[in-house]
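**Student:** Handing you this structure, nothing more for now.
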Amino acid sequence: DPNRPKSDSEDIVDVLLRVRKERDLPFHLTLDHIKAVTMDIISAGTDTSPAVVVWAMTELLKNPTIMKKAQDELRSVIPDKTFIEEDDIVKLEYLKAIVKETFRFHPPAPLLLVRESLNKCTVQGYDILPKTLVFVNAWAIGRDPKFWNEPEIFLPERFLESSIDFRGHDFELIPFGAGRKMCPGMHHGVANIEMALANLLYSFDWELPAGMNREDIDTDVIPGITMKKKDPLCLIAKKFSPSLPND
Numbered sequence: 098d099p100n101r102p103k104s105d106s107e108d109i110v111d112v113l114l115r116v117r118k119e120r121d122l123p124f125h126l127t128l129d130h131i132k133a134v135t136m137d138i139i140s141a142g143t144d145t146s147p148a149v150v151v152w153a154m155t156e157l158l159k160n161p162t163i164m165k166k167a168q169d170e171l172r173s174v175i176p177d178k179t180f181i182e183e184d185d186i187v188k189l190e191y192l193k194a195i196v197k198e199t200f201r202f203h204p205p206a207p208l209l210l211v212r213e214s215l216n217k218c219t220v221q222g223y224d225i226l227p228k229t230l231v232f233v234n235a236w237a238i239g240r241d242p243k244f245w246n247e248p249e250i251f252l253p254e255r256f257l258e259s260s261i262d263f264r265g266h267d268f269e270l271i272p273f274g275a276g277r278k279m280c281p282g283m284h285h286g287v288a289n290i291e292m293a294l295a296n297l298l299y300s301f302d303w304e305l306p307a308g309m310n311r312e313d314i315d316t317d318v319i320p321g322i323t324m325k326k327k328d329p330l331c332l333i334a335k336k337f338s339p340s341l342p343n344d
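Residue numbers (our numbering): 98 to 344.
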């Protein structure tokens with residue numbers, strides 16, 4: 098829509114439309130190309146984002162103290178609302194730490210996307226020939242004790258006093274990759290995850306089905322590009338009411 102209000106910054110569609118208009122590429126960029134790129138971003142986010150939310154809820158049910166701390170933050174910082182909105186997320190430091198810790202502990206794409214070397218190069222003493230397929234094990238990096246204290250423990254607090262982020266500058270946490278070819282849908286995916294998780298925790302209290310203990314929750318995975326939980330996470334949701342917290 099050419100008449101829509103202009104934003105202070107360009108999104109990826111703005112950039113592609115501008116580049117198409119400037120005709121600064123060695124090939125003709127069509128509207129169909131732009132539609133395809135946009136669809137790739139949306140479809141990638143709809144596959145990985147739900148997987149991350151499931152993993153986050155899995156860890157919160159296994160660690161009820163962490164869940165309560167997140168819910169206390171949500172319900173004290175943002176009281177008396179029907180649901181959490183995008184502008185509210187910036188106020189939720191602990192929720193953001195939970196999302197980061199979930200990316201570390203359960204990266205949505207554990208081997209990222211395969212890369213192919215163009216030229217011969219040497220990395221850490223290893224000779225990599227042209228056309229070699231290279232995988233980066235984000236899962237192993239996120240659990241490496243050289244970079245993380247107690248890496249096998251789900252601990253969002255590790256990010257509260259840390260500047261480490263997942264935007265490609267800190268290589269110990271790269272769920273979206275890094276560099277020019279990192280995931281273009283990062284902001285879209287993170288927004289989906291934060292909004293979904295915030296509203297699930299804000300609006301409901303969560304319990305396990307009768308007869309099930311948190312020790313019974315498994316973390317088996319389905320092998321694939323996206324790391325999904327093998328067995329469904331079955332929970333009981335109880336609508337939260339400020340006046341009747343146990344209703």
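Yeah, the Cβ is synthetic: ideal placement off N, Cα and C, and Gly gets one too.
DSSP three-state call for TRP417: helix, strand or coil?
**Tutor:** Residue 417 is absent from the structure shown; the chain starts at 98 and stops at 344.
**Student:** With 16 other CB atoms within 10 Å as the buried threshold, where does ASP108 fall?
**Tutor:** Exposed, since its Cβ has fewer than 16 Cβ neighbours within 10 Å.
**Student:** Identify every run of the beta strand (DSSP E) within the region 132–214, keeping only runs that are complete inside it and at least 3 residues long; order them along the chain.
**Tutor:** None, since the region 132–214 contains no complete beta strand (DSSP E) of that length.
**Student:** Near ALA293, which residues of its chain fall below 6 Å by C-beta distance, leaving aside the five closest residues on each side in sequence?
**Tutor:** VAL150, listed in sequence order.
**Student:** Hey, quick one: how far does the beta strand (DSSP E) through ASP108 stretch, first residue to last?
**Tutor:** It is not in any beta strand (DSSP E) - ASP108 carries neither H nor E in the DSSP assignment.
**Student:** Using C-beta distances below 6 Å, list every residue in its chain close to CYS218, excluding the 5 sequence neighbours before and after it, in chain order.
**Tutor:** Counting only Cβ-Cβ distances below 6 Å, and skipping sequence neighbours, we find ILE225.
**Student:** Would you report the Cα separation of PRO342 and ASN289, rounded to the nearest angstrom?
**Tutor:** Bear in mind that the predicted position of PRO342 carries a pLDDT of just 49, short of 50, making it too unreliable to give a figure here.
**Student:** Our contact map puts ILE271 next to ALA235 with C-beta atoms below 8 Å; I'd like the distance itself, whole angstroms only.
**Tutor:** That pair is a contact at about 6 Å.
**Student:** Starting from ILE238 and walking both ways along the alpha helix (DSSP H), at which residues does that stretch end?
**Tutor:** That run of the alpha helix (DSSP H) goes 235–239.
**Student:** Counting Cβ pairs, one atom from each stretch, are 3 or more of them under 8 Å apart for the region 127–134 and the region 308–325?
**Tutor:** The answer is no - the region 308–325 does not touch the region 127–134, with fewer than three Cβ pairs under 8 Å.
**Student:** Beta-carbon within less than 7 Å of PRO227's beta-carbon, same chain only, minus the 5 sequence neighbours each way: which residues are those?
**Tutor:** Result list for PRO227: SER214, LEU215, ASN216, LYS217, in chain order.
**Student:** State the CB to CB distance for the pair VAL196 and GLU254, rounded to an integer number of angstroms; the pair is presumed to be in contact (CB under 8 Å).
**Tutor:** Not really, about 14 Å apart at Cβ, beyond 8 Å.
**Student:** Please classify PRO205 as buried or exposed, where buried requires at least 16 neighbouring CB atoms within 10 angstroms.
**Tutor:** PRO205 comes out buried.
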